[in-house]
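These protein sequence lines map, in sequence, to chains A and B.
So the first sequence is numbered by full-length UniProt numbering: it starts at 1 and just counts up by one.
So the second sequence is numbered by full-length UniProt numbering: it starts at 1 and just counts up by one.
Every residue gets a Cβ at the ideal spot worked out from N, C-alpha and C, and that includes glycine.
Predicted, not measured: the structure shown is a model, and the values here were computed from it.
Here's the structure, in structure tokens; my notes come after.
Number of protein chains: 2
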Amino acid sequence: MLDYHTEPTRSKIMNEFAKTLEMFDLTPLEARLFAYLYLAEKPKTLDEMSEALGKSKTSMSTSVRSLSDLNLVTLVWKKGVRKDLYQANSQLFKLFMSSYINKWIDATNHRKDALLEMDTLIDSSDDSEDQSKLNDQLTKIIDFHSQLESFFRRIK
Amino acid sequence: MLDYHTEPTRSKIMNEFAKTLEMFDLTPLEARLFAYLYLAEKPKTLDEMSEALGKSKTSMSTSVRSLSDLNLVTLVWKKGVRKDLYQANSQLFKLFMSSYINKWIDATNHRKDALLEMDTLIDSSDDSEDQSKLNDQLTKIIDFHSQLESFFRRIK
DNA sequence: TTTTACGTACAGTTTATTCTGTACAGATTT
DNA sequence: AAATCTGTACAGAATAAACTGTACGTAAAA
Numbered sequence: 001m002l003d004y005h006t007e008p009t010r011s012k013i014m015n016e017f018a019k020t021l022e023m024f025d026l027t028p029l030e031a032r033l034f035a036y037l038y039l040a041e042k043p044k045t046l047d048e049m050s051e052a053l054g055k056s057k058t059s060m061s062t063s064v065r066s067l068s069d070l071n072l073v074t075l076v077w078k079k080g081v082r083k084d085l086y087q088a089n090s091q092l093f094k095l096f097m098s099s100y101i102n103k104w105i106d107a108t109n110h111r112k113d114a115l116l117e118m119d120t121l122i123d124s125s126d127d128s129e130d131q132s133k134l135n136d137q138l139t140k141i142i143d144f145h146s147q148l149e150s151f152f153r154r155i156k
Numbered sequence: 001m002l003d004y005h006t007e008p009t010r011s012k013i014m015n016e017f018a019k020t021l022e023m024f025d026l027t028p029l030e031a032r033l034f035a036y037l038y039l040a041e042k043p044k045t046l047d048e049m050s051e052a053l054g055k056s057k058t059s060m061s062t063s064v065r066s067l068s069d070l071n072l073v074t075l076v077w078k079k080g081v082r083k084d085l086y087q088a089n090s091q092l093f094k095l096f097m098s099s100y101i102n103k104w105i106d107a108t109n110h111r112k113d114a115l116l117e118m119d120t121l122i123d124s125s126d127d128s129e130d131q132s133k134l135n136d137q138l139t140k141i142i143d144f145h146s147q148l149e150s151f152f153r154r155i156k
């Protein structure tokens with residue numbers, strides 16, 4: 001059932017909101033789906049999502065699972081209802097920010113380790129100019145990663 | 001001319017570094033290109049980039065232009081050399097962070113304006129339940145954008 | 001001026017991503 | 001028990017993105 005008064009506006013809001021959510025590395029569909037669920041408030045079934053977004057049920061299944069993995073959406077139980085019901089979690093800022101920042105921390109930390117590993121790879125018996133320049137650049141790149149990591153840890 | 005000692009390591013570093021740079025919304029090629037130029041230190045021509053990355057000159061042209069637009073790379077003049085020479089800018093953290101943060105600020109601010117616009121669209125003569133709920137959610141979404149914007153302004 | 005060299009616009013191709021329909025396993029209902 | 005419903009795996013289709021080669025405008029060289 002559609003509300004013919006709010007429907008056009010609702011869908012504009014949904015799309016605009018979704019654009020911001022995409023910046024948190026959600027796919028366009030995941031972003032629109034979250035926006036839809038958030039605006040809906042009431043938990044929705046895969047079929048409802050499918051109809052609302054005009055995409056297949058399969059797409060809904062995979063997308064909503066992604067959102068669930070990111071803890072952005074929750075599976076809700078309602079007695080008498082057989083279908084899975086999903087609901088958007090509500091504390092937007094905390095939710096998106098913290099997972100995003102953690103993602104940065106993990107990535108930079110992991111990458112830094114890999115680069116430190118390579119540091120030991122550089123043949124230290126070869127003290128050519130190229131060699132020492134490369135070493136110098138590598139140090140700077142590792143520093144960059146350290147800066148990123150501590151930056152994100154700080155604002156966490 | 002290749003340095004056969006440093007070449008394999010150099011390329012491993014390049015690819016690892018590039019993965020981090022992709023997080024700043026660079027395409028894989030842009031990221032690898034920047035990493036290449038950064039490690040090279042010496043300014044490089046489109047042909048050199050093309051050979052080093054194994055991609056067409058056209059790709060180099062468009063990618064290096066993108067990097068240049070983002071102010072990550074600079075066109076350098078050298079007397080006697082006809083070809084364009086590009087060099088990676090060197091202050092990694094400042095460079096990437098500030099453009100990234102500005103991007104967030106611009107996007108969230110712009111998006112917030114669009115949403116405020118929609119606020120006025122909601123038919124206030126219709127005071128149905130759906131109406132007021134939608135309004136409530138919209139307010140929260142706008143708040144979310146304000147929080148994002150001020151967050152990024154603060155850490156700038 | 002003519003010729004050669006360089007960068008890039010553009011159209012088309014290749015590659016990667018997103019999306020869908022069918023089919024099936026497990027669960028619920030009859 | 002059989003029949004129906006629900007979510008998802010998987011393979012293929014549709015769509016989007018990345019990449020290339022040709023062609024051309026502009027500038028330097030001859």
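Residues bridged to residue i (per DSSP)
i                     : result
residue 73 of chain B : B:88
Straight-line gap, residue i to residue j (C-alpha atoms, nearest Å)
i                      : j                      : result
residue 139 of chain A : residue 113 of chain A : 12 Å
residue 152 of chain A : residue 81 of chain A  : 43 Å
residue 147 of chain A : residue 156 of chain B : 14 Å
residue 108 of chain A : residue 13 of chain A  : 34 Å
residue 102 of chain A : residue 141 of chain A : 21 Å
residue 29 of chain A  : residue 136 of chain B : 24 Å
residue 15 of chain B  : residue 78 of chain B  : 29 Å
residue 50 of chain B  : residue 133 of chain B : 56 Å
residue 115 of chain A : residue 17 of chain B  : 8 Å
residue 62 of chain A  : residue 48 of chain B  : 43 Å
residue 37 of chain A  : residue 117 of chain B : 22 Å
residue 55 of chain B  : residue 119 of chain A : 28 Å
residue 131 of chain A : residue 11 of chain B  : 13 Å
residue 7 of chain A   : residue 60 of chain A  : 21 Å
residue 58 of chain A  : residue 64 of chain A  : 10 Å
residue 96 of chain B  : residue 53 of chain B  : 22 Å
residue 91 of chain A  : residue 31 of chain A  : 16 Å
residue 129 of chain B : residue 154 of chain B : 37 Å
Residue i (DSSP reduced to helix, strand or coil)
i                      : result
residue 44 of chain B  : strand
residue 121 of chain A : helix
residue 25 of chain B  : coil
residue 82 of chain A  : coil
residue 55 of chain A  : coil
residue 156 of chain A : coil
residue 2 of chain A   : Since pLDDT at residue 2 of chain A reaches only 48, below the 50 mark, its modelled position is unreliable, and no value is offered.
residue 18 of chain B  : helix
residue 50 of chain B  : helix
residue 68 of chain B  : helix
residue 128 of chain A : coil
Proximity of residue i and residue j at Cβ, strictly below 7 Å
i                      : j                      : result
residue 99 of chain B  : residue 70 of chain B  : yes
residue 149 of chain A : residue 105 of chain A : yes
residue 73 of chain A  : residue 67 of chain A  : yes
residue 9 of chain A   : residue 111 of chain B : no
residue 93 of chain B  : residue 144 of chain A : yes
Check: residue i C-beta below 6 Å from any heavy atom of the ligand COA
i                      : result
residue 146 of chain B : Among the components of this structure there are no ligands whatsoever, and the ligand COA is therefore not found.
So, do the region 41-51 of chain B and the region 21-29 of chain B have three or more beta carbon pairs nearer to each other than 8 Å? no
Mind the definition here: the region 74-88 of chain A touches the region 43-59 of chain A only if three or more C-beta pairs lie below 8 Å; say whether that holds. yes
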